[in-house]
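Number of protein chains: 2
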Amino acid sequence: MSNNYRLHGRLWIEGPEGTFLGYGRVVLLERIREHGSISAAARSMEMSYRHAWKLVDSMNRQSLHPVVEKSTGGRFGGGARLTKAGDEAIDCFWSAYRDFKRFLIDRSRQLDL
Amino acid sequence: MSNNYRLHGRLWIEGPEGTFLGYGRVVLLERIREHGSISAAARSMEMSYRHAWKLVDSMNRQSLHPVVEKSTGGRFGGGARLTKAGDEAIDCFWSAYRDFKRFLIDRSRQLDL
DNA sequence: AAGCGTTATGCATGGGAAAATATAACGCAA
DNA sequence: TTGCGTTATATTTTCCCATGCATAACGCTT
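Protein chains in written order, with the numbering used here: chain A, 71 to 183; chain B, 71 to 183.
And the structure:
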């Protein structure tokens, strides 16, 4: 009955190839939506473009409909936009994540150590 | 509404110094109880003795009462036994872990992707 | 045609965690 | 007193993953 201990955890959505959506991936999607490109999104969260690109590729491959649409060339070199499926993926994950956080807090109170 | 996606996660109990109990640590405690020594327990789960020892040390330091009692020397070189606090720690974690698994399964059904 | 900032991709590099290795101390038994 | 299998701990090595770097293609602008 001490409050020195608390439950912690990680949550992700697993798809056909392994991890589909996790905390970092969803933040990345939000940053892409905000900045309009994978590279700017990666820079904004101090992630290498290489890694960010791989994550996006992994999500797109595992999603029925791509979550990110990309284009190369043009006035600003190209960019990336979230699709409707991308927006929904973000909502879907955060919804489960909220419930998870609630579970952790509630269940922490019942810890008998 | 596809069943191609499932929630996965990890759960652990955080104490004063960081991780106190997690899946691997609890299995280690069970193996120590079963085999009577840290080294035999580590071998049984293909973990280095070094690592196993560190985990036990971390748990003992963070627990009000030690979870493992150790002795050196003697007929069989020494050994390790679980204390009552150790048994209780195991039960405490598995109990939360069961609830967590239930949460993952239940919440997976509500995933709308 | 040249320049730009993207996407796209291979390959080398680095850093952190786990394992491997090496030693010492312990205490009972033969 | 020697040997054994443990606990205990420092040091070295290994391994994996993210990063860094290099390069090419793209397409709009000037």
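Quick reminder that beta carbons are idealized off the backbone N, C-alpha and C, glycines included. For clarity, every value in this text was computed on a predicted model and none was experimentally measured.
Own chain partners of residue i with C-beta closer than 6 angstroms, once the 5 adjacent residues on each side are dropped
i, result
"S107(B)", "G149 and A150"
"F163(B)", "L91 and V96"
"E87(B)", "Q132"
Beta carbon proximity, residue i to chain A, threshold 8 angstroms
i, result
"P86(B)", "yes"
"H78(B)", "yes"
"F146(B)", "no"
"N74(B)", "yes"
"D157(B)", "no"
Supposed contact pair residue j and residue i - C-beta distance, whole angstroms, cut 8 angstroms
i, j, result
"A159(B)", "L91(B)", "6 angstroms"
"E84(A)", "R76(B)", "5 angstroms"
"R103(A)", "L152(A)", "4 angstroms"
"A166(B)", "R177(A)", "6 angstroms"
Three-state secondary structure assigned by DSSP to residue i
i, result
"F170(B)", "helix"
"L181(B)", "coil"
"H78(A)", "strand"
"R103(B)", "helix"
"E116(A)", "coil"
"L152(A)", "strand"
"V137(A)", "coil"
"F163(B)", "helix"
"G85(B)", "strand"
"G147(B)", "coil"
C-beta neighbour in chain B for residue i, strict 8 angstroms
i, result
"R131(A)", "no"
"L81(A)", "yes"
"R179(A)", "no"
"L183(A)", "yes"
"Y93(A)", "no"
"D127(A)", "no"
Cβ neighbour criterion (16 or more within 10 Å) applied to residue i
i, result
"Q132(B)", "buried"
"L125(A)", "buried"
"M71(B)", "exposed"
Other residues of its chain near residue i: CB distance less than 7 angstroms, five sequence neighbours each side excluded
i, result
"R101(A)", "A111, S114 and M115"
"W123(A)", "I108"
"G156(A)", "L99, V137 and V138"
Neighbourhood of residue i by C-beta, 8 angstroms cutoff - its chain only, sequence neighbours within 5 removed
i, result
"G79(B)", "F170 and L174"
"L134(B)", "A155"
Distance cut-off 7 angstroms: residue i Cβ against heavy atoms of the ligand GDP
i, result
"R179(B)", "Absent from the structure shown: the ligand GDP. Ligands present: none."
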